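Engineer: Please see the structure below; I have some questions.
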Ligand SMILES: [Zn+2]
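Residue numbers (my numbering): 40 to 216.
What follows is the structure, encoded as structure tokens:
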């Protein structure tokens with residue numbers, strides 16, 4: 040038996056730390072993914088449909104606030120429904136989801152403020168896909184999963200959203216203008 044205090048970690052506290060890490064991971068991964076996909080979809084669709092900076096900025100701010108609350112509540116109820124978390128763990132996941140969604144969504148406003156709208160949309164697509172790529176690659180590496188499979192699944196879904204909202208936006212502009 041070792042007397043080194045560093046080796047005598049109380050197992051209960053360690054377990055609690057692992058669960059808090061789980062809560063943070065849930066919130067971060069959900070907020071990041073949802074922030075990228077929802078914001079890119081709305082930006083691409085509204086740009087194609089309206090070509091209005093005002094509309095796109097309004098959409099980004101609305102997602103950053105309203106959709107962050109919506110996602111946080113969704114994660115809150117989802118984590119509660121698992122029935123294996125303490126209220127503290129559920130709340131950590133809830134707040135982490137809100138903050139991740141809020142922050143990642145707001146990053147998309149920077150190119151819109153600085154650039155011409157069509158340029159900003161292209162930069163946002165590159166920025167969003169890059170973040171999703173890096174996060175997916177890191178996650179797959181940590182879990183020893185097939186990186187190519189995990190990354191390509193996530194990228195294909197993101198590209199499908201971008202294409203669908205692009206054509207939907209154009210169709211709405213043509214049909215309802
Ligand atoms: Zn959970």
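Built from N, CA and C at the ideal position, the CB exists for glycine as well.
Just so we're clear, the structure is a prediction, and the values are computed from it rather than from any experiment.
Report the CB separation of residue 156 from residue 86 in whole angstroms; it is logged as a contact under 8 Å.
Structural biologist: So it is a contact: roughly 6 Å between Cβ atoms.
Engineer: Three-state secondary structure (DSSP) at residue 147?
Structural biologist: The answer is coil: DSSP assigns residue 147 none of H, G, I, E or B.
Engineer: Between 123, 162, 135, which lies nearest to residue 108 when the distance is taken from Cα to Cα?
Structural biologist: Checked all of 123, 162, 135; the closest Cα to residue 108 is 135.
Engineer: Kindly give me the distance between the Cβ atoms of residue 95 and residue 82, rounded to whole angstroms, as I take these residues to be in contact under 8 Å.
Structural biologist: Yes, they are in contact, since the Cβ atoms of residue 95 and residue 82 sit about 6 Å apart, within 8 Å.
Engineer: Whole-angstrom Cβ separation of residue 69 and residue 110, contact assumed at under 8 Å?
Structural biologist: Going by Cβ atoms, the distance from residue 69 to residue 110 rounds to 6 Å, so yes, they are a contact pair.
Engineer: Alpha carbon to alpha carbon, how far is residue 133 from residue 191?
Structural biologist: Between residue 133 and residue 191, the C-alpha separation is close to 28 Å.
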